[in-house]
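Numbered according to my numbering, the sequence shown spans residues 35 to 581.
From the three backbone atoms N, C-alpha and C, an ideal C-beta is built for every residue, glycine too.
Here's the structure, in structure tokens; my notes come after.
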Amino acid sequence: MNDITGVSFLPLGGTGEIGMNLNLYRQGEAWLAVDCGIGFSGNDTPEAEILLPDPVFIAERKKALAGLVVTHAHEDHLGAIAHLWPQLGCPVYVTPFAAAVLRRKLGEAQLLQQVPIHVVAPGSAFTVGPFDLRFISVTHSVPESQSLVLRTPQGIIIHTGDWKIDPDPQVGPPTDLETFAALGREGVLAMVCDSTNVRTEGPSASEADVRREMTRLIASLEGRIAVTCFASNVARVETLAKAAQAAGRKVAVVGRSLRNLEVAARECGYLSDVPQFLSEQEANSVHDDQILLIVTGSQGEPRSALSRIASDTHPNISLGENDTVIYSSRMIPGNEQAVIQVQDNLTRRGVQVITDKDHLVHVSGHATGGDVRKLYDLVRPRYLIPVHGEWRHLTANAAIAQELDIEPVLLEDGDILDIRANGVEVGDTAPTGRLVLDGGRILPMNGGVLSARRRMLFNGMVLGSFAVDDEGYLIGDPKVSAPGLLDMEDPETLRITEEFGNALDEIPDELRVNDATFREAAKTALRRALGRKLQKRPLVDVHLLRV
Numbered sequence: 035m036n037d038i039t040g041v042s043f044l045p046l047g048g049t050g051e052i053g054m055n056l057n058l059y060r061q062g063e064a065w066l067a068v069d070c071g072i073g074f075s076g077n078d079t080p081e082a083e084i085l086l087p088d089p090v091f092i093a094e095r096k097k098a099l100a101g102l103v104v105t106h107a108h109e110d111h112l113g114a115i116a117h118l119w120p121q122l123g124c125p126v127y128v129t130p131f132a133a134a135v136l137r138r139k140l141g142e143a144q145l146l147q148q149v150p151i152h153v154v155a156p157g158s159a160f161t162v163g164p165f166d167l168r169f170i171s172v173t174h175s176v177p178e179s180q181s182l183v184l185r186t187p188q189g190i191i192i193h194t195g196d197w198k199i200d201p202d203p204q205v206g207p208p209t210d211l212e213t214f215a216a217l218g219r220e221g222v223l224a225m226v227c228d229s230t231n232v233r234t235e236g237p238s239a240s241e242a243d244v245r246r247e248m249t250r251l252i253a254s255l256e257g258r259i260a261v262t263c264f265a266s267n268v269a270r271v272e273t274l275a276k277a278a279q280a281a282g283r284k285v286a287v288v289g290r291s292l293r294n295l296e297v298a299a300r301e302c303g304y305l306s307d308v309p310q311f312l313s314e315q316e317a318n319s320v321h322d323d324q325i326l327l328i329v330t331g332s333q334g335e336p337r338s339a340l341s342r343i344a345s346d347t348h349p350n351i352s353l354g355e356n357d358t359v360i361y362s363s364r365m366i367p368g369n370e371q372a373v374i375q376v377q378d379n380l381t382r383r384g385v386q387v388i389t390d391k392d393h394l395v396h397v398s399g400h401a402t403g404g405d406v407r408k409l410y411d412l413v414r415p416r417y418l419i420p421v422h423g424e425w426r427h428l429t430a431n432a433a434i435a436q437e438l439d440i441e442p443v444l445l446e447d448g449d450i451l452d453i454r455a456n457g458v459e460v461g462d463t464a465p466t467g468r469l470v471l472d473g474g475r476i477l478p479m480n481g482g483v484l485s486a487r488r489r490m491l492f493n494g495m496v497l498g499s500f501a502v503d504d505e506g507y508l509i510g511d512p513k514v515s516a517p518g519l520l521d522m523e524d525p526e527t528l529r530i531t532e533e534f535g536n537a538l539d540e541i542p543d544e545l546r547v548n549d550a551t552f553r554e555a556a557k558t559a560l561r562r563a564l565g566r567k568l569q570k571r572p573l574v575d576v577h578l579l580r581v
């Protein structure tokens with residue numbers, strides 16, 4: 035980064051995994067952030083639920099951060115703003131629909147009056163500090179998705195965001211291929227491109243195909259129908275509403291994120307030709323053959339509406355024999371076990387479960403390999419930087435670029451790529467990491483709290499409690515509890531408790547005077563009492579009561 039007149043690209047989240055997007059561009063001494071999203075925990079991080087990119091690098095340079103541009107209203111692109119904005123402190127640039135979604139999140143975080151929000155019309159040009167920018171409308175599974183064009187002294191850079199080619203997307207315009215082609219004729223230095231679905235060959239399937247199939251399918255079913263999909267997919271929600279209308283069914287939404295989506299969509303002029311949706315309470319007054327429920331929880335989230343319906347713990351909605359649940363969504367990698375568990379619970383209750391393996395009830399919002407080839411043919415960038423996907427997706431995207439004589443550049447999160455008219459190189463690296471949203475707190479993934487939780491999750495925890503007199507001598511018998519490791523009546527628990535008591539008696543007198551040193555000595559005594567029989571290294575703690 036020695037050449038401050040050049041341009042640099044820095045991914046802080048979103049390469050080598052799906053979700054948690056945070057990208058930075060540098061022009062001269064100014065920085066621009068593009069997207070700021072959350073990720074959801076997978077099998078590799080069971081101790082956490084919601085993940086955030088660590089913005090420490092740009093937070094230390096917040097005075098040089100000109101702004102944050104959001105490409106679209108998905109959680110993995112704007113979901114972290116309400117949590118990380120206090121560290122960034124910059125203006126945010128969004129389209130009207132993304133603004134409606136973001137304002138609700140900022141309101142919940144009590145930040146709405148603090149964050150400067152600039153609403154930018156889809157497809158329009160705008161400036162952020164020294165950055166000369168333009169949106170290009172693209173099709174994705176949320177309204178008003180945009181690619182971002184950066185005109186820099188070194189050349190044109192296109193940041194695609196999430197996109198696909200769909201000539202009939204049902205809601206919003208198709209991808210603006212004419213503008214991409216015009217930029218290609220002008221000459222594009224580099225393209226930073228979504229890689230999520232490039233391993234799928236051929237052109238993308240259309241949302242119009244889903245509408246036709248969903249209309250046919252819903253008309254053929256009896257009983258209650260529940261459909262789960264991503265809440266932000268307004269085109270899919272509209273498809274379900276129109277398919278229900280055609281089948282003589284009313285629509286109710288079940289789940290908070292869907293209710294928020296409906297409000298944001300109608301505010302921005304979407305869903306204007308479908309009736310207002312019923313609440314989940316109102317749904318119970320409608321005959322089973324005349325109701326369609328749109329339900330949150332397509333990824334098996336344990337507290338979601340569908341998970342609670344499947345386990346028969348939802349306060350308002352129940353499903354059973356003769357009812358159907360349609361999964362109008364894809365299974366995000368890492369969520370397979372949770373989704374299958376919900377589907378199994380539904381099946382156990384006699385519910386018919388339909389997925390995209392059975393009928394055309396879902397199409398991806400991400401570009402296939404065929405879409406990517408078509409876009410590269412139009413734009414012909416000199417360099418291709420694959421982002422947004424696991425490593426297998428990034429390398430597949432890079433391979434397509436190589437086939438078309440475009441030079442791919444594979445980056446890890448934290449690599450700072452210097453982009454010049456005469457070449458590119460990784461000139462430096464930045465610190466990166468993952469944070470965890472834990473209730474209302476933001477914690478470092480590798481900090482003490484999560485490390486302890488990880489250890490407890492796999493090795494358990496043992497707590498020793500004991501009372502001593504003023505001089506530090508044991509009063510009565512100690513107690514040992516090891517939830518998840520030992521039952522209270524287990525003979526091994528009795529043995530450990532007895533040996534713990536004996537070890538406490540052997541602690542030297544000089545360590546008994548100070549509570550802190552006494553506790554540390556007691557922890558050592560408890561570890562000794564545990565021995566090696568458990569073949570685990572549980573987290574050990576003690577509770578000392580001086581009477």
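Using C-beta distances below 8 angstroms, list every residue in its chain close to residue i, excluding the 5 sequence neighbours before and after it, in chain order.
| i | result |
| --- | --- |
| residue 208 | 173, 199, 200, 201 and 202 |
| residue 336 | 372 |
| residue 436 | 442 |
| residue 580 | 501, 502, 503, 504, 506 and 549 |
| residue 434 | 232, 403, 406, 407 and 410 |
| residue 142 | 116 |
Counting along the chain, where does the alpha helix (DSSP H) carrying residue i start and finish?
| i | result |
| --- | --- |
| residue 447 | No alpha helix (DSSP H) holds residue 447; DSSP gives it neither H nor E. |
| residue 251 | 241-254 |
| residue 549 | 549-564 |
| residue 96 | Run containing residue 96: none; DSSP gives neither H nor E here. |
| residue 386 | That residue, residue 386, is in no alpha helix (DSSP H); its beta strand (DSSP E) goes 386-388. |
| residue 590 | Given a span of 35 to 581 for the chain in the structure shown, any question on residue 590 remains unanswerable. |
| residue 277 | 268-280 |
Going by DSSP, what residue range makes up the beta strand (DSSP E) through residue i?
| i | result |
| --- | --- |
| residue 539 | Here residue 539 belongs to no beta strand (DSSP E); instead the alpha helix (DSSP H) covers 525-539. |
| residue 583 | No answer is possible for residue 583: it lies beyond the span of the chain, which begins at 35 and ends at 581. |
| residue 381 | Counting along the chain, residue 381 falls outside any beta strand (DSSP E), though it belongs to the alpha helix (DSSP H) covering 370-382. |
| residue 358 | 358-361 |
| residue 513 | 508-515 |
| residue 575 | 573-580 |
| residue 287 | 284-288 |
| residue 315 | Segment 314-317 is the alpha helix (DSSP H) holding residue 315; no beta strand (DSSP E) there. |
| residue 67 | 64-70 |
| residue 495 | 495-502 |
| residue 85 | 84-87 |
I believe residue i touches residue j by the beta-carbon criterion, under 8 angstroms. Please report the beta-carbon distance rounded to the nearest angstrom.
| i | j | result |
| --- | --- | --- |
| residue 169 | residue 154 | 6 angstroms |
| residue 139 | residue 116 | 4 angstroms |
| residue 454 | residue 40 | 5 angstroms |
| residue 330 | residue 340 | 7 angstroms |
| residue 326 | residue 285 | 5 angstroms |
| residue 583 | residue 210 | Outside the shown range of the chain (35 to 581) lies residue 583, about which nothing can therefore be said. |
Quick one: residues in its chain with C-beta nearer than 6 angstroms to the C-beta of residue i, no 5 flanking neighbours on either side, listed in chain order?
| i | result |
| --- | --- |
| residue 430 | 232 and 233 |
| residue 87 | 46, 47, 54 and 56 |
| residue 150 | 125 |
| residue 386 | 358 |
| residue 159 | 168 |
| residue 452 | 40, 42, 459 and 461 |
| residue 294 | 138 |
| residue 176 | 106, 107, 108 and 266 |
| residue 308 | 275 |
| residue 12 | The displayed coordinates of the chain run from 35 to 581. Any statement about residue 12 would go beyond what the structure contains. |
| residue 237 | 404 |
| residue 239 | 397 |
I want to see whether chain B comes within less than 9 angstroms of residue i, judged by CB atoms only; does it?
| i | result |
| --- | --- |
| residue 571 | Absence of chain B from the displayed structure is noted, only one protein chain being present. |
Using the DSSP secondary-structure output, state which residues sit across from residue i in a beta bridge.
| i | result |
| --- | --- |
| residue 54 | Residue 54 pairs with nothing; no bridge assigned. |
| residue 45 | 57 |
| residue 102 | 67 and 126 |
| residue 475 | 472 |
| residue 261 | 328 and 360 |
| residue 638 | Residue 638 is absent from the structure shown; the chain starts at 35 and stops at 581. |
Given residue i, which residues of its chain have a CB within under 7 angstroms of its CB, disregarding the five upstream and five downstream residues?
| i | result |
| --- | --- |
| residue 585 | Because the chain here runs from 35 to 581, residue 585 falls outside it and cannot be looked at. |
| residue 561 | 574 |
| residue 450 | 35, 42, 44, 460, 461, 462, 463 and 464 |
| residue 146 | 137 and 140 |
| residue 118 | 70, 86 and 89 |
Beta strand (DSSP E) runs wholly inside the segment 170-253, at least 3 long, in chain order: Taking only runs of at least 3 residues, the beta strand (DSSP E) segments lying wholly in the segment 170-253 are 180-186, 189-193 and 222-228.
Only counting runs of 3 or more residues, tell me where the beta strand (DSSP E) segments fall wholly within the segment 105-169, in order along the chain. Listed in chain order, the complete beta strand (DSSP E) runs (minimum 3 residues) inside the segment 105-169 are 126-128, 151-153 and 159-162.
Run through the segment 401-468 for me and flag every whole beta strand (DSSP E) of 3 or more residues, listed as ranges in chain order. Counting only runs of 3 or more, we get 417-421, 449-454 and 457-463.
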